[in-house]
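Residue numbers (my numbering): 331 to 535. Just below is one structure, and these are the notes that go with it.
Right, here's the structure in full:
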């Protein structure tokens with residue numbers, strides 16, 4: 331058993347170590363200018379504060395996310411498609427059936443949102459949607475809601491995800507895109523990487 335006591339003598343930059351080992355007498359020896367150099371206590375205090383903040387941050391950090399559908403993760407409550415790389419995209423449909431639809435729209439939600447928040451569907455009357463024969467599908471972007479994360483995601487990979495979604499849902503060769511908030515950036519990625527699939531409106535009313 332060892333006990334180390336640090337004693338600082340007033341006005342002296344000397345540390346005295348009292349080394350006590352079980353069964354032996356303590357030996358006391360001075361160490362000059364080893365630690366108490368100029369600014370040492372300031373650095374030590376800063377180190378202590380950093381360690382304290384790291385401990386607090388760790389204590390209050392949220393638990394790691396759990397993937398929906400995994401053994402210890404949340405259950406799947408919405409339909410999903412399986413992409414070519416094994417990931418899943420969760421989606422929900424609104425409006426008329428895609429087989430009878432005149433307008434097929436893929437809605438892309440913004441940051442800190444999900445497929446359920448679709449202003450296009452929830453703020454438009456059902457009568458208008460049905461009279462215009464509009465079909466709307468919104469999906470959880472990778473890593474949101476019930477869609478699997480994609481650690482290697484890029485704007486190009488997102489456009490590929492949208493194209494696979496359209497193909498697996500059989501939306502046809504062209505479809506409309508609507509992006510809300512940050513979803514507009516992802517609409518741009520589709521215009522850049524899969525322009526042949528995006529239907530451009532001829533007029534607005």
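Here a beta-carbon is modelled for each residue, glycine too, at the ideal position from N, C-alpha and C.
Beta-carbon proximity list for residue i, same chain, < 7 angstroms, skipping 5 on both sides
i: residue 516; result: 438, 488 and 509
i: residue 396; result: 402, 403 and 404
i: residue 441; result: 511 and 512
i: residue 480; result: 417, 472, 473 and 487
Residue of the options minimising C-alpha distance to residue i
i: residue 415; options: 505, 478, 500 and 502; result: 478
i: residue 472; options: 452, 456 and 443; result: 443
i: residue 527; options: 513, 421, 463 and 496; result: 496
i: residue 418; options: 463, 529, 470 and 431; result: 470
i: residue 490; options: 523, 434, 448 and 406; result: 523
i: residue 423; options: 412, 432, 408 and 395; result: 408
i: residue 464; options: 506, 498 and 481; result: 506
i: residue 461; options: 397, 398, 468 and 430; result: 430
i: residue 494; options: 436, 400 and 393; result: 436
i: residue 427; options: 445, 459 and 446; result: 459
i: residue 485; options: 498, 514 and 499; result: 514
Host alpha helix (DSSP H) of residue i (start-end)
i: residue 460; result: 456-461
i: residue 510; result: Careful: residue 510 lies outside any alpha helix (DSSP H) and carries neither H nor E.
i: residue 452; result: 449-452
i: residue 402; result: Taken as a continuous stretch (DSSP letters only), residue 402 belongs to no alpha helix (DSSP H), as it is neither H nor E.
i: residue 388; result: 370-390
i: residue 478; result: Careful: residue 478 lies outside any alpha helix (DSSP H) and carries neither H nor E.
Run of the beta strand (DSSP E) containing residue i, from where it starts to where it stops
i: residue 423; result: 418-425
For residue j and residue i, the rounded distance between their alpha carbons
i: residue 483; j: residue 371; result: 46 angstroms
i: residue 389; j: residue 376; result: 20 angstroms
i: residue 520; j: residue 434; result: 16 angstroms
i: residue 474; j: residue 405; result: 14 angstroms
i: residue 381; j: residue 373; result: 12 angstroms
i: residue 357; j: residue 378; result: The pLDDT assigned to residue 357 is 49, lower than 50, so where the model puts this residue is not dependable; a value taken from the coordinates is nonetheless given after this. Computed Cα separation, rounded: 29 angstroms.
i: residue 394; j: residue 531; result: 42 angstroms
i: residue 467; j: residue 452; result: 12 angstroms
i: residue 457; j: residue 432; result: 15 angstroms
Residues that residue i bridges to, as DSSP identifies them
i: residue 505; result: 528
i: residue 433; result: 464
i: residue 438; result: 469 and 509
i: residue 410; result: 420
Beta-carbon contacts of residue i that lie in its chain and below 8 angstroms, excluding the five residues immediately before and after
i: residue 353; result: For residue 353, the pLDDT reaches just 48, beneath the cut-off of 50, and the residue's location in the model is therefore unreliable, although a value from the coordinates is still provided. Excluding residues within five positions, none has a Cβ falling inside 8 angstroms.
Residues of its chain near residue i, where Cβ-Cβ distance is below 6 angstroms and the 5 sequence neighbours each way are ignored
i: residue 412; result: 418
i: residue 420; result: 408, 410, 470, 475, 476 and 477
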